[in-house]
Each structure stands twice: as structure tokens, then as C-alpha cells.
Amino acid sequence: MYIVIGGGGIAGAALAGELVNRKHDVVVIDINKETCEMAFAQTGAVTIIGKATEIGTLQEAGIEKADVAISALYRDEDNLTFALLAHSFNVPNIYVKMRNPAYRDAYRVAGVTVICDIVGMFKNKVIAELENPDLKVITPLEENGTKLVMFRLPGSWPSEGRLIYELAKEPAFCGDCLFTGILNEKHKGIIVPHGNDRVYPGDRIFVVAGPKSLKAITKYLAGIRKKKLPPPLRTTPLHV
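The working numbering numbers the first residue of the sequence shown as 496 and each following residue consecutively.
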């Protein structure tokens, strides 16, 4: 894809580097010459010295052929201007970094397709980690508190393992909770869990869960650490 990024600071440069590594064509715009030189040296992305909020600079960057326009500027006012201009060139995908939630509706009107609420993400992650210390929050998914989280099964977990089907029947997991992945030493990547998959001490489990389930899972894991694991449910394994 052809991607134009407004802002070559820490966020913009880091994103540009990752996108270049993934074989995308990336152009970074920044008003500071040294920032552009550093971004080019670190990422290999094409850089343009200029204001990302000016039509001429965007045209120089090839905005009219962009598949994605990303604004990582510091001020929401500038991100909004960038988004409006990108929208006027019919860029199909416009991403912005939002600092002030008051701009959310304005971004939507400007044609923004993805809003990264950095303050909200920081707040939600800190609160989630404080209230659920056994869970690592990967990303929030909905404003209602649903999150993708990961937890590691402790050493007090049964050495013979337990079936996902059994685990899903536990009260902590049978509410608004969905198992999405298992990561262990036997596999090089994350596997999609099935009922007959067995999980062992040290395995990392990925789940999508709502607020009630997050609290229940935290309580469940605390019980395991204290070796108060409930006895396995008497179930018949699924054949999938």
C-alpha cells in the first residue's frame, strides 16, 4: 500500500519503520529537517520537509494516490486539518492520533476511519492492570470495557494440563468471555484453541472478555496461585 504519514516524531517514525519492514511504500512529512533526516536514516522511508497541513506538501507526498493517510502530529487541530485535506483527496483510509476526546465527532465528520485515543488507551490500560494484576491487557476493543487480554497459567496449574472445553465451563470463563489463542513452547506461534486442546503450566492464554469476566478471571487466577484451584469438571471431551 501507499501510505502518507503526517509527523515524523517518535510515533510517526516508529510506525513508518514497521510499515517499511512490511514492504509498504511510505512517505513521512515533517516540518523539521533534522527530524526528516533521522526518520529516513532509521526507517528508509521517503521523507518530505514541509507542513503536513498544507495542500502543496501533501500533493508533493502523493496524497492523491495514497491508500492510507495517517496523522501523528502533536496537536489535534493539525491532525484534523490533515484529515480534512486527505478526505478531500478521497483517501479511503484515514487514521489519526487523538489527544483530546472532544475532537472525536469532528474527526468523524472529517472522514477519519480510525481514531487512536492515546489518552483513553493509557487510562484504560492503567486501570485495567491495577484492577486485574494477573491479566496483561493487549488492547481495548469496545468502549463498554471489553478487552483482549493475556494471562499465563502459573506453576500451580495441574501438570497434566486441562482441556479448553473444561476450562470454558468454569464460572470465570462461561460469561462474556471467548478464548482466542494459546501460546506455548511446543508451538512457534499462537494457535486457535479448540475444545480438545490441553493447556499446561506456563502456557499463555488469550481471551476476549467483558468487565465482569475480567474480574472473575483475576479472582480465579489468584485462587490458582494460592493452590485453591476448583476440582476439574466431569466433562466429556469434544471431538473437533
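The beta-carbon is built from N, C-alpha and C at its ideal position, and this holds for glycine as well.
Burial state of residue 661 is buried, judged by a 10 Å Cβ sphere holding 16 or more other Cβ atoms. The Cβ atoms of residue 538 and residue 521 lie closer than 9 Å to each other. Taking C-beta separations shorter than 6 Å and ignoring five residues to either side along the sequence, the partners of residue 577 in its chain run 501, 547, 548, 566, following chain order.
Beyond the five residues adjoining it in sequence on each side, residue 616 comes within less than 7 Å, by CB distance, of 635 in the same chain, given in chain order. The three-state secondary structure of residue 530, taken from DSSP, is helix. Cβ-Cβ separation between residue 712 and residue 645: approximately 11 Å, too far for a contact (criterion under 8 Å). Minimum Cα-Cα distance from residue 696 among the listed residues 558, 654, 516, 716 corresponds to 654.
Bounds of the alpha helix (DSSP H) holding residue 710 are 706-720. By the neighbour-count definition (other C-beta atoms within 10 Å, threshold 16), residue 604 is an exposed residue. The beta carbon of residue 633 is closer than 8 Å to those of 642, 643, 644, 645, 701 in its chain, skipping five residues each way along the sequence. For residue 524, the beta-bridge partners assigned by DSSP are 501, 543.
Excluding the 5 residues flanking it on each side, residue 542 has same chain C-beta neighbours closer than 8 Å at 503, 522, 523, 524, 525, 531, 532, 534, 535, in chain order. Beta-carbon to beta-carbon, residue 575 and residue 598 are separated by about 6 Å, close enough to satisfy the 8 Å threshold.
Residue state for residue 630 is assigned as coil, using DSSP reduced to three classes. Taken in chain order, the complete alpha helix (DSSP H) segments of 4 residues or longer contained in the stretch 635-665 are 659-663.
The beta carbon of residue 573 sits closer than 6 Å to those of 548, all from its chain and outside the five residues before and after it, given in chain order. Our two residues, residue 688 and residue 694, have alpha carbons roughly 10 Å apart in a direct line.
In the three-state scheme derived from DSSP, where H, G and I count as helix and E and B as strand, residue 512 is classed as helix. Excluding five sequence positions before and after residue 715, the CB atoms of its chain that fall closer than 6 Å to its own CB belong to 667, given in chain order.
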